[in-house]
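**Q**
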Amino acid sequence: MKILKKYRLLFLLLLLPFLWKCATYYRRTLQFQEYVQSGNFDKADLWLENDSKDKEGKNKLLYLFNRGYVNFILGQPQKSNLYFQQADQLIEDQMKNPVNEALALLSNPMIKPYKPEDFEAVMLHYFTALNYISTSQLSDALVECRRVNIKLNKLNDSYSNKKNRYQRDAFAHLLMGLVYEASRDYNNAFIAYRNAYEIYRDDYSKQFGVSAPQQLRNDLLRTAYICGFFDEVRYYEKEFNTQYQHVLTTEPQLVFFWMNGFGPVKHEWSINFTVLPGQVGYVTFVNEEMGINLPFYIGDRPANERNGFSQLRFLRVAFPKYIERAPIYVSSTIDINGKTAQLQMAENINDIAFKTLHDRMMRELGNSLLRLAAKKALETAASSQNANLGTAVSIANALTEKADTRNWQTLPYSISYIKQPLREGENKITFTATGRRGERKNHELIIHALKGQIYFVPYHTIESFNPVQ
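Just so you know, we're using this note's numbering here: the sequence shown kicks off at 1 and counts up by one.
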């Protein structure tokens, strides 16, 4: 018996390096995160360049996301898009060749190639669109905007039930409208603005707490008027409870995007279930706190598994959960030549992340429970035959019952925007972000504007609180 205990201890010690690999992705990449959050993007890029393990390993997609983001911030649009395009191709390959979900719990999910959350798979197109805009490739930017909702539709069509609440992206349509306007295609701009407004009204306001920005309402009315869609003008005047007054202008315009803070990070949590015998051939998994009651038929399983199921009383299922990183700043204004205006939120990525993960959990929980219960039943059956075999199976099950805590951690918490007139020639612009306690951060720039042009400027305030469980 002492010898047996000795070898068990040795076995566990040999497994410690493997267990270390199960640390959250956030903690493993903490040095990179510190470079990013301190604004040291050159060092962040160098850290990624030297990360040979993730460059071609299971975290390659996250590596490409981060390289794309860092080069976006560094003002390298072509280089940024090269990384995002590679990431997009990886995602397309995953969608064409999905991993067999029946194997999902046979190994620790952290050792498999990272599969992005649905919102991550489409948010890269926001960055690629802005990169194209910065190099005046407006038609390519429009393609990227369209791909957001095309991909969302494709992803949701693959779910037979419990589809995502995040099914359409309003901000992608809004951005498309702005790009069409920059191309002086007012008819398509109106259509894009109308689509954006309908999604804000029908989806975003209910699911993510984001209403249609006032700027979008103004642009919807204005483009309808320019196109001669006077019935639509009257409809939206009534919808918005306003009276539209058209002002003919050829003034240049500034579109300013404020990316605020960083989105959430993933940690592991677990759900405990009571396993109750049901009618003949069934077991039921119950969690009263969450109101979950899931019956499963096991009558067609081998006798040793059925016997193992009958001895189960409790079960723990590991699943990832998001931990919020609240942004330091909560509001912002922009001053252009002495005139100040307030920015409005257009995309709450933090809330989309939480809702998307919850929806995925609801889709996958049933199958995860059944597969884990089957493993536990095998463990019980193995123990009844041989104590050592049962111990080995128990350890293997403990190691594989891990949640995947990887995620794209350089996405912003939210995106706000505003569109304001400029004057021809030099414009002095001051963006001011304000925190909960009145702390402020200013960003100043000068734009030499030409008649009739639209200028797009993104800016990211990276200050966020650390995640707190």
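The C-beta atom is built at its ideal place from N, Cα and C for all residues, glycine as well.
Note that the coordinates shown come from a computational prediction; the quantities given were computed from them, not determined experimentally.
Pick out the complete alpha helix (DSSP H) segments inside the region 19 to 58, 4 residues or longer, and give them in chain order.
**A** As far as the region 19 to 58 is concerned, its whole alpha helix (DSSP H) runs of at least 4 residues are 25 to 28, 30 to 37, 41 to 49 and 52 to 55.
**Q** Taking the Cβ atom as the reference point for each residue, do F171 and F127 lie within a distance shorter than 8 Å?
**A** Against a cut-off of 8 Å, the Cβ pair of F127 and F171 comes out as no contact.
**Q** Rounding to the nearest angstrom, what Cα-Cα distance links P295 and Y69 in this structure?
**A** Cα to Cα, P295 sits roughly 45 Å from Y69.
**Q** Rounded to whole angstroms, what's the CA-CA distance from A212 to G281? Just pull it up for me.
**A** Taking the straight line from one Cα to the other gives about 52 Å.
**Q** Can you find at least 3 beta carbon pairs, one from the region 428 to 437 and one from the region 188 to 196, that sit closer than 8 Å?
**A** Flag = no, the region 428 to 437 and the region 188 to 196 do not touch.
**Q** Report the rounded CA-to-CA distance for K60 versus S136, giving the unit in angstroms.
**A** Cα to Cα, K60 sits roughly 30 Å from S136.
**Q** Going by the DSSP bridge assignment, what does H443 pair with across the sheet?
**A** DSSP lists F431 as partners of H443.
**Q** Consult DSSP for I328 and reduce its assignment to one of helix, strand or coil.
**A** In the structure shown, I328 sits in coil (DSSP, three-state: anything other than H, G, I, E or B).
**Q** Could you name each continuous beta strand (DSSP E) segment of 3 residues or more that falls completely within the region 246 to 316, going from the start of the chain to the end?
**A** Entirely contained in the region 246 to 316, the beta strand (DSSP E) runs reaching 3 residues are, in chain order, 253 to 260, 265 to 277, 282 to 287 and 292 to 297.
**Q** Quick one: grab the DSSP three-state call for D169.
**A** Reduced to three states, the DSSP call for D169 is coil.
**Q** Cutting at 8 Å between CB atoms, please list the residues of its own chain near L103, excluding the five before and the five after it.
**A** Summary for L103: the model assigns pLDDT 48, below 50, so the residue's position carries little reliability, and this model does not support an answer.
**Q** Use the C-beta contact count for I418: other C-beta atoms within 10 angstroms, 16 or more gives buried, fewer gives exposed.
**A** Classification for I418: buried.
**Q** Could you work out which residue in L152, F240 and M110 is closest to H125 when comparing CA atoms only?
**A** If we check each option's Cα against that of H125, L152 comes out closest.
**Q** Just checking, does the region 282 to 291 make contact with the region 221 to 229 on the three C-beta pairs under 8 Å criterion?
**A** No contact exists between the region 282 to 291 and the region 221 to 229.
**Q** If you compare alpha carbons, which of A326, K115 and F208 is closest to G263?
**A** When only C-alpha atoms are compared, the closest one is A326.
**Q** Rounded to the nearest angstrom, how far is the Cβ of N260 from that of T430, given a contact under 8 Å?
**A** In fact, because the Cβ distance is near 17 Å, the residues do not count as touching under 8 Å.
**Q** Would you report the Cα separation of G75 and N97, rounded to the nearest angstrom?
**A** Going from the Cα of G75 to the Cα of N97 covers about 34 Å.
**Q** Would you mind sorting A303 into buried or exposed? The rule is 16 or more other CB atoms within 10 Å of its CB.
**A** Looking at its Cβ environment, which holds fewer than 16 other Cβ atoms inside 10 Å, A303 is exposed.
**Q** Excluding the 5 residues flanking F256 on each side, which residues of the same chain have their C-beta closer than 6 Å to its C-beta?
**A** Around F256: I334, I418 and V457.
**Q** Pick out whichever of I133, A121 and Q37 has its Cα sitting closest to the Cα of D93.
**A** For the residues I133, A121 and Q37, the minimum Cα distance to D93 belongs to A121.
**Q** Considering just the uninterrupted stretch of the beta strand (DSSP E) at A346, what are its terminal residues?
**A** A346 -> beta strand (DSSP E) spans Q344 to E347.
**Q** Alpha carbons only, please: which of F32, E34 and P412 is nearest the one belonging to A346?
**A** Answer by Cα proximity: P412.
**Q** Which word fits V297, buried or exposed, when buried means at least 16 other C-beta atoms lie within 10 angstroms of its C-beta?
**A** It should be noted that the sequence gives Tyr, not Val, for residue 297. Answer is exposed; the Cβ neighbour count stays below 16.
**Q** Kindly indicate which three-state DSSP category E463 falls into: helix, strand or coil?
**A** If DSSP states are grouped into helix, strand and coil, E463 belongs with coil.
**Q** Under DSSP, the alpha helix (DSSP H) around Y235 begins and ends at which residues?
**A** Counting along the chain, the alpha helix (DSSP H) containing Y235 begins and ends at F230 to F240.
**Q** Quick one: is L445 buried, meaning 16 or more other Cβ sit within 10 Å of its Cβ, or exposed?
**A** Burial call: exposed.
**Q** Exposed or buried, which one is P252 when buried takes at least 16 other CB atoms within 10 Å?
**A** The residue in question, P252, is buried, as its Cβ has 16 or more Cβ neighbours within 10 Å.
**Q** The alpha helix (DSSP H) with R421 in it runs from where to where?
**A** The sequence given here places Pro at residue 421; Arg does not occur at that position. Premise fails: P421 lies in the beta strand (DSSP E), S414 to P421, not in any alpha helix (DSSP H).
**Q** So, with DSSP's three-state summary, where would you put F456?
**A** Strand at F456.
**Q** Alpha carbon to alpha carbon, what distance is there between A87 and Y186?
**A** Y186 and A87: Cα-Cα distance of roughly 33 Å.
**Q** Apart from the five residues just before and just after G39, which ones in its own chain have a Cβ nearer than 7 Å to its Cβ?
**A** Correct list, in chain order: I462.
**Q** Is it buried or exposed for Y322, if we count other Cβ within 10 angstroms and need 16 for buried?
**A** Buried, because 16 or more other Cβ atoms sit within 10 Å of the Cβ of Y322.
**Q** Go through its chain and collect everything with a Cβ distance to Q342's Cβ below 6 Å, but skip five positions before and after it.
**A** Counting only Cβ-Cβ distances below 6 Å, and skipping sequence neighbours, we find T333.
**Q** Could you tell me the boundaries of the alpha helix (DSSP H) in which A403 lies?
**A** Run containing A403: none; DSSP gives neither H nor E here.
**Q** Ends of the alpha helix (DSSP H) at K60?
**A** Note, K60: alpha helix (DSSP H), K60 to I73.
**Q** Please name the residue in G338, R423 and S139 whose C-alpha comes closest to that of E181.
**A** When each option's Cα is compared against that of E181, the closest is S139.
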